[in-house]
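> Listed in order, the protein sequences are those of chains C and L.
In terms of the working numbering, the first sequence opens at residue 186 and continues consecutively.
In terms of the working numbering, the second sequence opens at residue 730 and continues consecutively.
Yeah, the Cβ is synthetic: ideal placement off N, Cα and C, and Gly gets one too.
Just so it is clear, the structure is predicted and the values come from calculations on it, not from any experiment.
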Amino acid sequence: MKTAAVNKNVRSRRSLSRNDRFTLSAFVGIPTLLQIVFLWAPTLITVVLSFTYWNGINVSDIKWAGFANYKNIFFGSPVFYDALKNNVVWLLWFTFLATPLGILLAYQFDRKIKGHQIYETIFYIPVVLSLAIIGIIWNFMLQPGGFVQGVMGRDIGNAISIWGNYDINSYVIMALASWRHIGYIMLLYLAGLKAFDSSLREASAIDGATEWQTFRKIIFPTMRPVNVIILVITIIDSLRAFDLVYIIYGTSTAWPLLNILAFQNFAGQGISMKGAAYSVIALVLCVVPILVYLRNVFKEDLQ
Amino acid sequence: MSDVNNGISRRSVLKGAAIGGAGLVAGGSLLAGCGKKQVTGDVRFTIRGNLSDAGAKIAIAANDAYTAKTGNKVISQAVNSDDFQNNFVQILQGTPDDAFGWMAGWRTNARADAGLLADVSEQVKALGSSLSAAAIQGATNPTDGKQYIIPTTYYPWGLHYRKSTMQELGLDPESISTWDDLIKLCEATQKKGLVGYALGDKGGWEAMGTFDILNMRLNGYQFHIDLLNGKEQWTDAKVVEVFNYMGQLAPYMNKNVLDISWDGMRDLLLQKKCGAMMMGSWFANDFLAKSQEDYDDLWIVPFPEINPEHGIDSIDAPLDGISVAANGNNVEGGADLAGFLGSKEGIDAAVAAGDTNIYISSEFDTSSYDAFNKQKLAVLGAAKNIGFFLDRDTRGDFAGPVVGPAIQSFLKNPKDLTKILDSTQAQWDALPAL
């Protein structure tokens, strides 16, 4: 009797009712179709277009260019290397400074230090702002004629050069981006820590482990799923950076990023498929390291 | 009355307009056989800029005059000018407004070749002799000899300064005629603690005005145009010389050139913080909007002579006008409105609303010009050759993505000049054939 009941259960799970099948195909099929139409198709078209010359208007004008756009970018456009440098600086800054800081804050707040709710709120607030809004706010504050300059008694003519000063502008932009990123990472990690079994921590304390040892040997490895997400987010956020810088500099490539270059070549008066090539380069840089990393992670999990 | 709509309400209005417009156009074409062709239907017009700008109020006043004359409603929409220019090709391929203010040169001709702009040769012909041959020539697409823009206004790029500042410095504002005069002016203003030569290049195009004029002064108009069209080399010693002259001005510039845009330059002059600046005169509307006193204090002279061989025979004077979208709902109506805006009635309405631009039309009464506008005419008249500005005289995929960053790099690090020019030439060579 018992086995028969189990078999019946298995069968009913396999042979879905008409209604179930309809619901399932609607829930899976429609989003998949939308993804294919609005994401995968344009991506593939962009990849193909990156090997052509085209001004974006009449399809009949598309001419095969081979690798000319890529050759032009790699060997003829110094601005590409400036952009690459900025993207890499962004990635390094996020990976080695902003993300660890967010984790550190989460770890401290999780220990319920005095007034942790106030601190949490303070660090969390920038997360509600999009990077575009952060750009608008801080551009308004720091640009010549802006609030901060005014407070310092600087008019437009003798305003301290920030966006145009290449000794400091990268740091200012990184600081603005981190302002949001730190809170974001803190929030993610805090959520993970809430689910952390506190008896493990107590056990390690009884065994005489220091705080650092507890974090490194117990908490960090146990938080692996969260760590993976955070790493992926950090990489993607660094390489897809666009809005903050676009708000400050517009399409002028005074502080270029790969995505700004892509946009500059797509928009404006001179549409060229160099923009498509820039997009493909950014896509490859974004996707490949993540795929490699995730494959390794899942392989280890299977073992 | 012209309706002004922003964002959300626009869509519903457009639907109604499209249906109403279609009916009216059908009615109009039925009547067309009975006599003089009467264009009807609502016309949609894009204003580049903020609704609060002086320019938007002027455009709306002119559109109202069109409605009063023809009974055709004009639905005006204000859009951010940079966004409109950046997305121009996409907008024109979608559902564009029928007419909009646009710029003659490469930006019109290339889009006309792609079939995005409507032919307005008929309207240009109707304006007849009120347009000078040179203006019509400037608005003509060399590919097919037709016009895709109705030229309305133009403005000189010249050396702007405030007369009061010059008097305080004890300089004769009328005699900045040589390079040494300019340097003297810069030195004197700097000694007063002001910026000598105001420049902004955050937008990447503002300093092109200085590059253009130095190139035309040193090497002449023909060399300049040939350079921008690939017939001369960027690595030429003549181009190096242009940048050397720009470098001579650098010590007198504000220390935050890459931090400010054209509006920052304008504000420097408005707040009496600088000596002179090279700029297009369109910003004078903002001086007038601030106060009559500020406007009366504003002055313009041609950029001084450097090479006697070329004197002051060339100038950047971008030609602006009204273009009509080929994909608009009411192409005929758009062309009709464009024609009106270029005609005497349209100009009168704009000027009555406070427009300080110089109109090309000879029917426009220049005797009513104020002193500044008369001076603008004099500055234009001093030149024999007229350029349209670097980003309209050369390919769009070269001006913004290549020359803009090149000039910024030079301002950032003048020592890299050789490298910058080599790269600029290499990037021109890598451009696909048009």
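In chain L, which residues lie less than 7 Å from ASP340/C when you measure between Cβ atoms?
Along the first sequence, one-based indexing puts residue 340/C at 155. Under the 7 Å cutoff, chain L gives GLN1000, LYS1002.
> What does ALA447/C pair with, by DSSP beta-bridge criteria?
Sequence index remark: in the first sequence, residue 447/C carries index 262 (1-based). DSSP lists no partner for ALA447/C.
> How many Å lie between TRP1028/L and ALA1111/L at the Cα?
Start at 1 with the first residue of the second sequence, and residue 1028/L comes out as number 299. Start at 1 with the first residue of the second sequence, and residue 1111/L comes out as number 382. Rounded to the nearest angstrom, the two C-alpha atoms are 16 Å apart.
> For SER383/C, is the classification buried or exposed, using 16 other Cβ atoms within 10 angstroms of its Cβ as the cut-off for buried?
Along the first sequence, read from residue 1 onward, the residue named residue 383/C stands at position 198. Answer is exposed; the Cβ neighbour count stays below 16.
> Do GLY1167/L and SER805/L have their C-beta atoms closer together than 7 Å?
This structure cannot speak to residue 1167/L, because chain L is shown only from 730 to 1163.
> Is any beta-carbon of chain L found at less than 7 Å from that of GLY241/C?
Position 56 of the first sequence holds residue 241/C. It does; some Cβ of chain L falls within 7 Å.
> Under 7 Å between C-beta atoms, does ASN271/C make it to chain L?
As a working note, residue 271/C is residue 86 in the first sequence. No, ASN271/C does not count as interfacial toward chain L.
> Hey, does ASN412/C have any beta-carbon neighbour from chain L nearer than 7 Å?
Within the first sequence, numbered from 1, the residue matching residue 412/C stands at position 227. With 7 Å as the cut-off, ASN412/C does not count as an interface residue toward chain L.
> For TYR1098/L, name the three-state secondary structure that DSSP assigns.
For the purposes of this step, residue 1098/L is identified with residue 369 of the second sequence, where counting begins at 1. Here TYR1098/L sits in coil by DSSP.
> Below 7 Å between beta carbons: does that hold for ALA447/C and SER464/C?
The residue you call residue 447/C lines up with position 262 of the first sequence. The residue you call residue 464/C lines up with position 279 of the first sequence. Yes. Within cutoff.
> In the DSSP assignment, find the unbroken alpha helix (DSSP H) run with GLN1154/L in it and report its ends.
Taking the first residue of the second sequence as position 1, residue 1154/L is located at position 425. Residues 1146 to 1158.
> Name, please, each residue of chain L whose Cβ falls closer than 8 Å to the Cβ of SER346/C.
The sequence position of residue 346/C within the first sequence is 161, counting from 1. Correct list: LYS984, ASN985, LEU987, ASP988.
> Output yes if chain L places a C-beta closer than 7 Å to the C-beta of GLY453/C; else output no.
Taking the first sequence and counting its residues from 1, the one referred to as residue 453/C is at position 268. It does; some Cβ of chain L falls within 7 Å.
> Taking contact to mean 3 or more Cβ pairs, one atom from each stretch, closer than 8 Å, check whether the segment 872 to 888 of chain L and the segment 841 to 848 of chain L are in contact.
Cβ pair count under 8 Å is three or more, so yes.
> Below 8 Å on the Cβ atoms is my guess for GLY1125/L versus GLN454/C; work out the distance and round it to an integer in Å.
In the second sequence, the residue the question calls residue 1125/L occupies position 396. In the first sequence, the residue the question calls residue 454/C occupies position 269. With a Cβ gap of about 3 Å, GLY1125/L and GLN454/C count as contacting.
> Are the C-beta atoms of SER738/L and some chain C residue less than 7 Å apart?
For the purposes of this step, residue 738/L is identified with residue 9 of the second sequence, where counting begins at 1. The predicted model places SER738/L with a pLDDT of 39, which falls under 50 and marks its position as unreliable, so this point remains unresolved.
> Express the C-alpha separation of ASN350/C and ILE307/C in angstroms, rounding to a whole number.
Position 122 of the first sequence, counting from 1, holds the residue named residue 307/C. Position 165 of the first sequence, counting from 1, holds the residue named residue 350/C. Distance between the alpha carbons of ILE307/C and ASN350/C: 30 Å.
> What does VAL818/L touch in chain C if you count any residue whose Cβ is under 7 Å from its own?
Position 89 of the second sequence holds residue 818/L. Near VAL818/L (Cβ distances below 7 Å), the residues of chain C are GLY241, ILE242, ILE456.
> Against PRO329/C, what residues of chain L qualify as contacts under a CB-to-CB distance less than 8 Å, listed in chain order?
Numbered from its first residue, the first sequence carries residue 329/C at position 144. Residues of chain L passing the Cβ test: ASN985, ASP988, ILE989, GLY993.
> Can you pull the chain C residues whose beta carbon is under 8 Å from the beta carbon of LEU997/L, in chain order?
Here residue 997/L refers to the residue found at position 268 of the second sequence. Neighbours of LEU997/L on chain C, chain order: ILE341, GLY342.
> Can you list, in chain order, the residues of its chain whose CB lies under 6 Å from that of TRP275/C, leaving out five sequence neighbours each side?
By one-based count along the first sequence, residue 275/C stands at place 90. The residues are SER423, ALA426.
> In whole angstroms, what is the alpha-carbon distance linking VAL482/C and ARG206/C?
The sequence position of residue 482/C within the first sequence is 297, counting from 1. The sequence position of residue 206/C within the first sequence is 21, counting from 1. Between VAL482/C and ARG206/C, the C-alpha separation is close to 33 Å.
> Reducing DSSP to helix, strand and coil, say where GLN876/L ends up.
Translated into positions along the second sequence, residue 876/L becomes position 147. If DSSP states are grouped into helix, strand and coil, GLN876/L belongs with the strands.
> Pull up the CB-CB distance for ILE415/C and ALA317/C, whole angstroms please, since I reckon it's below 8 Å.
Position 230 of the first sequence, counting from 1, holds the residue named residue 415/C. Position 132 of the first sequence, counting from 1, holds the residue named residue 317/C. So it is not a contact: roughly 23 Å between Cβ atoms.
> Just checking: is the beta-carbon of ASP1126/L within a distance shorter than 7 Å of some beta-carbon in chain C?
Here residue 1126/L refers to the residue found at position 397 of the second sequence. ASP1126/L counts as touching chain C.
> Taking all protein chains shown into account, do 16 or more other C-beta atoms lie within 10 angstroms of the C-beta of GLU1038/L, making it buried, or fewer, making it exposed?
Here residue 1038/L refers to the residue found at position 309 of the second sequence. Label assigned to GLU1038/L: exposed.
> Can you pull the chain L neighbours of THR231/C, defined as C-beta to C-beta under 8 Å?
Residue numbering aside, residue 231/C sits at position 46 when the first sequence is read from its first letter. Result: empty, since nearest Cβ-Cβ is about 15 Å, beyond 8 Å.
> Is the Cβ of PRO825/L closer than 7 Å to any Cβ of chain C?
Locating residue 825/L in the second sequence gives position 96, where the first residue counts as 1. It does not: the Cβ of PRO825/L has no partner Cβ on chain C nearer than 7 Å.
> Please report whether the beta-carbon of TYR238/C lies at a distance below 7 Å from any beta-carbon of chain L.
For this step, residue 238/C is matched to residue 53 along the first sequence. True, the Cβ-Cβ gap to chain L drops below 7 Å.
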